[in-house]
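Chemist: To start, I am sharing the structure in question, which I have written as structure tokens.
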DNA sequence: CGTCAGTTTGAGCGAGCTCAACGTGAGTGG
DNA sequence: CCACTCACGTTGAGCTCGCTCAAACTGACG
């Protein structure tokens, strides 16, 4: 642990809209979010971007660059944020000496793969309402993991970001959030969300999740 | 290389519909496809499955189990197939001794992450026609990688599999394949595909791919 | 106080789904 | 060898969910 700590760089804080890295940048490091949040996105040649992920405190960004040493996404802060930067080459060297570090890092990569495949299922088969319910439950459990409330939280991203991430338009996200509120399952005040009926939300997405 | 070879187990051949592993099975190994092909899928509690991936010769299956030591998908052969099984714990031990093996395995995991994120973009923003064009171009370049023709190939999966993978219905896959054929961009004879106008297919998906 | 990004709401439309029917080919049993 | 079956594939007609377009509202910030 001490040895891992030695290679970590604590960077300056990032403010809203600051980029951690940009698409096609050389890959050097992965980053652990300490506070705040980030989104990753790709720009299609036709202009419009698509959000590929959100990263909350305790989560790791930048694994999209490992394969070909070039970042496939851009990463940008959604609010004031701080991170730990872990230079990848040093992580590799240290992993050769510390079996548990190697094991943990394999697990982290595996978790990213499992997560991405889950989103694949969501995007390929869920209705708009199911996507939004699933998204809110997902954010809830991610906040719970770092000790924050799983029932009341602040969304750091815009409705537009959520829409791009879930393959929906802003309008659909907005309308269905309102609809879930009218049904009494959630309460929405701008970006402040309260999950009032988690079990009913789970029922919407189809039981075997969260 | 010799040392890696020593830990690899060459299993019996698999025939169509044989499972390599099933959802919730304990994770022990990853598998390299030697010949034939596999699909991975999840079963939702509501019954219907969703295909999460196709694996062609030279590709690696099973990384969905690394994180929590349990497979998140099932993997099943689409045709007669053979694989190399690589016990994960031995791969981990050997990776500690061979820096280049560790490095390569990190790259393989990274490539899986990059691939999954690309599918995220496809599912969240492409039209049905773009998805199918993109899928065909993807299969083409994967066959090309192992020395097969990038313009004429056999699809090992059903239209239904493709539909589940791309978030479309069988009917849509069928209709749009026919439409692409009528436009003269591809030729379809059951599962035999020929890509006649690759550049026009690329134009459909939006230029900066393949 | 004006601006502008973000959000909401409504009306209308259309891409892709649903449902239904039929075609086709590989495998199986008589 | 043929008849039968069944999974897979195709095609068409109609419908619906989510998109598009348009307009108005809100709050943060210079």
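Residue numbers (the numbering used here), protein chains in the order written: chain A, 1 to 210; chain B, 211 to 420. Think of the CB as a built atom: it goes at the ideal place given N, C-alpha and C, for glycine as much as any other residue.
1) For residue 182 of chain A, count neighbouring Cβ atoms within 10 angstroms of its own Cβ and tell me buried if that reaches 16, exposed if not.
2) Grab me the residues of residue 159 of chain A's own chain with a C-beta within less than 8 Å of its C-beta, minus the 5 sequence neighbours each way, in chain order.
3) Exposed or buried, which one is residue 267 of chain B when buried takes at least 16 other CB atoms within 10 Å?
4) With DSSP as the reference, please indicate the residues paired to residue 53 of chain A in a beta bridge.
5) Compile a chain-ordered list of the residues in the stretch 154-182 of chain A whose CB is closer than 8 Å to at least one CB of chain B.
6) Quick check on the DSSP output: the alpha helix (DSSP H) that includes residue 112 of chain A runs from which residue to which?
7) Is the Cβ-Cβ distance between residue 15 of chain A and residue 75 of chain A less than 8 Å?
8) Are the CB atoms of residue 136 of chain A and residue 201 of chain A within a distance shorter than 8 Å?
9) Considering residue 217 of chain B, what are the terminal residues of the alpha helix (DSSP H) in which it resides?
10) With DSSP collapsed to three states, give me the class of residue 75 of chain A.
11) Report yes if the CB atom of residue 241 of chain B is closer than 8 Å to the CB atom of residue 263 of chain B, and no otherwise.
12) Consider the Cβ of residue 330 of chain B: report whether some Cβ of chain A lies at a distance smaller than 8 Å.
13) Can you tell me which of B/269, B/235, B/374, B/238 puts its alpha carbon nearest to the alpha carbon of residue 248 of chain B?
14) Under 8 Å by Cβ, that's how I've got residue 283 of chain B and residue 340 of chain B pegged, so tell me the actual separation to the nearest angstrom.
15) Can you tell me whether residue 1 of chain A is buried or exposed, with buried defined as 16 or more other CB within 10 angstroms of its CB?
16) My assumption, with CB atoms under 8 Å, is that residue 374 of chain B sits in contact with residue 259 of chain B. Please give the rounded CB distance.
17) Could you list which residues in chain A have their beta carbon closer than 8 Å to that of residue 270 of chain B, in chain order?
18) Is there a C-beta anywhere in chain B that falls below 8 Å from the one on residue 73 of chain A?
19) Going by beta carbon distance, what residues of the same chain come within less than 6 Å of residue 144 of chain A, once the five residues before and after it are set aside?
20) Quick one: using the 10 Å Cβ neighbour count with 16 as the cut-off for buried, is residue 334 of chain B buried or exposed?
21) Kindly say whether residue 288 of chain A, judged by its beta-carbon, lies nearer than 8 Å to any beta-carbon of chain B.
22) Going by DSSP, what residues sit across from residue 362 of chain B in a beta bridge?
23) Count the C-beta pairs between the stretch 296-306 of chain B and the stretch 213-228 of chain B that are closer than 8 Å, then say yes if the count reaches three, no if not.
24) Buried or exposed, going by whether 16 or more other CB atoms sit within 10 Å of the CB of residue 71 of chain A?
25) Is residue 4 of chain A close to chain B? Criterion is C-beta to C-beta, closer than 8 Å.
26) Cα separation between residue 415 of chain B and residue 344 of chain B?
27) State the DSSP-derived secondary structure class of residue 186 of chain A, mapped to helix, strand or coil.
28) Find the residues of chain B that neighbour residue 219 of chain A, judging by a C-beta separation of less than 9 Å, and give them in chain order.
29) Considering only DSSP beta bridges, list what residue 229 of chain B is partnered with.
30) If I measure Cβ to Cβ from residue 312 of chain B and keep anything under 6 Å in the same chain, skipping five residues before and after, which residues do I get?
31) CA-CA distance, residue 121 of chain A and residue 236 of chain B?
32) Should residue 127 of chain A go down as buried or exposed, given a rule of 16 or more other Cβ atoms within 10 Å for buried?
33) What did DSSP end up calling residue 222 of chain B once you bin it into helix, strand or coil?
34) In whole angstroms, what is the alpha-carbon distance linking residue 161 of chain A and residue 138 of chain A?
35) Judging by CA-CA distance, which residue of B/315, B/299, B/292, B/389 is the nearest neighbour of residue 67 of chain A?
36) How far does the beta strand (DSSP E) with residue 86 of chain A in it reach, from first residue to last?
Modeler: By the coordinates alone:
1) Exposed, because fewer than 16 other Cβ atoms sit within 10 Å of the Cβ of residue 182 of chain A.
2) 170, 173, 174, 177
3) buried
4) The partner list for residue 53 of chain A (beta bridge, DSSP) reads A/40.
5) 164, 165, 166, 167
6) 99-125
7) no
8) yes
9) 212-217
10) strand
11) no
12) yes
13) B/269
14) No, residue 283 of chain B and residue 340 of chain B are not in contact; Cβ-Cβ is about 25 Å, not under 8 Å.
15) exposed
16) 7 Å
17) Residues of chain A passing the Cβ test: none, with the nearest at roughly 11 Å.
18) yes
19) 150
20) Counting of Cβ neighbours within 10 angstroms places residue 334 of chain B among the buried residues, the total reaching 16 or more.
21) With chain A covering 1 to 210 only, the question about residue 288 of chain A has no answer from this structure.
22) B/404
23) yes
24) Residue environment analysis places residue 71 of chain A among the buried positions, since at least 16 neighbouring C-beta atoms fall within 10 angstroms of its C-beta.
25) Residue 4 of chain A does not count as touching chain B.
26) Take the alpha-carbon of residue 415 of chain B and the one of residue 344 of chain B: they are about 6 Å apart.
27) strand
28) Missing from the structure shown is residue 219 of chain A; chain A here goes from 1 to 210 and no further.
29) Beta-bridge pairing links residue 229 of chain B to B/286.
30) Only 305 meet the Cβ criterion.
31) 22 Å
32) exposed
33) coil
34) 15 Å
35) B/315
36) Note, residue 86 of chain A: beta strand (DSSP E), 82-87.
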